[in-house]
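Trainee: First the structure, which I've put down as structure tokens, then a few questions once you've had a look.
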Amino acid sequence: MEFKANELAIHKTGNVILTSDDFGLSKIYNHEILVAIQSNLLSSVSVMVDRYMVSQRTQFDQLLDLSKERNVSLGLHLELPEKKIDNVTALCEAQWTKFESLLNGIKPHYIDIHKHHLFVAHFDEIAQYCLKKNVAFRRYPQTTVSCFSPDDMFMVYSSTSETMISKLLEMKEGSSLELVFHLGAYDDSVKSSLNRERVEDGIKLDTAFQLVTSQKKMIISYKDLIS
């Protein structure tokens with residue numbers, strides 16, 4: 020199955036974006052994300068540009084090629100400092116520019132936030148930046164600025180498979196839902212609170228994909244939200 024942009028009619032059973040965050044955080048994580056794209060399990064990937072190392076160059080090239088072949092959306096996984104932030108827009112612009120540099124001039128299809136729960140106060144500023152750039156912004160309920168976003172978002176790592184399944188089954192007719200995974204395998208070189216949970220997220224992604232297809236929901240990407 021390929022994810023075709025511009026084919027999104029309001030799908031009665033629901034539209035689902037299958038995303039993995041944290042591309043760029045680890046070569047091991049990158050590998051698992053690339054395998055998932057090759058297996059047609061993902062329709063979106065969020066990229067951490069400030070974690071890029073030259074040793075990841077081939078993987079970034081593979082991501083770009085696969086995103087075009089499979090019509091997978093690529094997002095900027097924005098990193099903010101855990102201290103007073105004077106100019107959010109400047110931080111957005113710097114990472115946006117780096118994204119374009121690392122990915123051969125293409126712009127992000129959307130923006131989301133690494134450790135988003137720490138930066139609620141800045142959601143509206145970042146949403147305004149997305150409007151300026153004409154790209155989507157991940158659905159965060161605290162955002163009051165109207166912009167391109169899925170109707171709902173669900174972080175899979177913090178839940179059971181049963182909760183994820185319930186979320187999918189409870190989708191309203193014609194609605195859109197982004198399921199956010201953190202794929203990978205254990206990497207002892209990375210300080211990540213989700214290091215060991217990433218394999219479990221891969222299993223949950225398989226489960227979600229099977230349910231979405233069996234329920235005849237449409238798998239979409241962020242490209243479909245802004246096309």
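In the working numbering, the protein residues as written are 20 to 246.
Heads up, the beta-carbon is just placed ideally off N, CA and C, and yes, glycines get one too.
Nothing here was measured: the structure is a model prediction, and the numbers come from that model.
Taking 8 angstroms as the cut-off, does the region 143-162 touch the region 201-212 (at least 3 CB pairs, one atom from each stretch)?
Mentor: The region 201-212, when compared against the region 143-162, does not touch it at the 8 angstroms Cβ threshold.
Trainee: Over what stretch of residues does the alpha helix (DSSP H) that includes Ile238 continue unbroken?
Mentor: Here Ile238 belongs to no alpha helix (DSSP H); instead the beta strand (DSSP E) covers Met237 to Ile239.
Trainee: If I measure Cβ to Cβ from Ala24 and keep anything under 8 angstroms in the same chain, skipping five residues before and after, which residues do I get?
Mentor: Only weak support exists for where Ala24 lies, its pLDDT of 39 falling under 50; the value from the coordinates is given anyway. These residues qualify, in order along the chain: Asn90, Ser240, Lys242, Asp243 and Ser246.
Trainee: Suppose you measure from the CA of Ala109 to the CA of Gly94; what does that come to, to the nearest Å?
Mentor: Rounded to whole angstroms, Ala109 to Gly94 spans 18 angstroms at the Cα level.
Trainee: Please state whether the Cβ-Cβ distance between Val64 and Lys117 is less than 7 angstroms.
Mentor: Cβ atoms of Val64 and Lys117: not closer than 7 angstroms.
Trainee: Could you compute how far the alpha carbon of Leu82 sits from the alpha carbon of Ser180?
Mentor: If I take the Cα positions, the gap works out to 27 angstroms.
Trainee: Determine, using beta carbons only, whether Asn34 and Ser185 come nearer to each other than 7 angstroms.
Mentor: Result no, Cβ atoms of Asn34 and Ser185 do not sit closer than 7 angstroms.
Trainee: Run through DSSP, which three-state label would Gly193 get?
Mentor: Gly193: coil per DSSP, three-state reduction.
Trainee: So does Arg215 have its beta carbon nearer than 6 angstroms to some heavy atom of the ligand GDP?
Mentor: Because no ligand of any kind appears in the structure shown, any question about the ligand GDP cannot be addressed here.
Trainee: Thinking just about the alpha-carbon of each residue, which of His141, Asp84, Phe173 and Tyr48 is nearest to the one in Phe103?
Mentor: The sequence shown places Lys at residue 103, rather than the Phe named in the question. Considering only alpha carbons, the answer is His141.
Trainee: Please classify Glu192: is it buried, with 16 or more other beta-carbons within 10 angstroms of its beta-carbon, or exposed?
Mentor: Burial call: exposed.
Trainee: Apart from the five residues just before and just after His30, which ones in its own chain have a Cβ nearer than 8 angstroms to its Cβ?
Mentor: With a pLDDT of only 49 at His30, under the threshold of 50, the placement of this residue in the model should not be trusted; the figure read from the coordinates follows. So the list reads Gly193, Lys236 and Met237, once near-sequence residues are dropped.
Trainee: Run the CB neighbour count on Met14, radius 10 Å, all protein chains shown included, and call it buried at 16 or more, exposed below.
Mentor: Beyond the ends of the chain as shown, which are 20 and 246, falls residue 14; an answer cannot be given.
Trainee: Just to confirm, is the Cβ distance from Phe173 to Cys166 under 7 angstroms?
Mentor: Result no, Cβ atoms of Phe173 and Cys166 do not sit closer than 7 angstroms.
Trainee: How big is the Cα-Cα spacing for Ser248 and Thr226?
Mentor: Any answer about residue 248 is impossible in this case: the structure gives the chain only from 20 up to 246.
Trainee: Cutting at 6 angstroms between CB atoms, please list the residues of its own chain near Phe228, excluding the five before and the five after it.
Mentor: Cβ within range, chain order: Leu60.
Trainee: So Leu53 and Phe79 are supposed to be a Cβ contact under 8 angstroms. How far apart are they, rounded?
Mentor: Actually they do not touch by this definition, with Cβ atoms about 10 angstroms apart.
Trainee: Report the residue from Val139, Val175 and Tyr129 whose alpha carbon sits nearest the alpha carbon of Leu150.
Mentor: Ranking the options by Cα distance to Leu150, first place goes to Tyr129.
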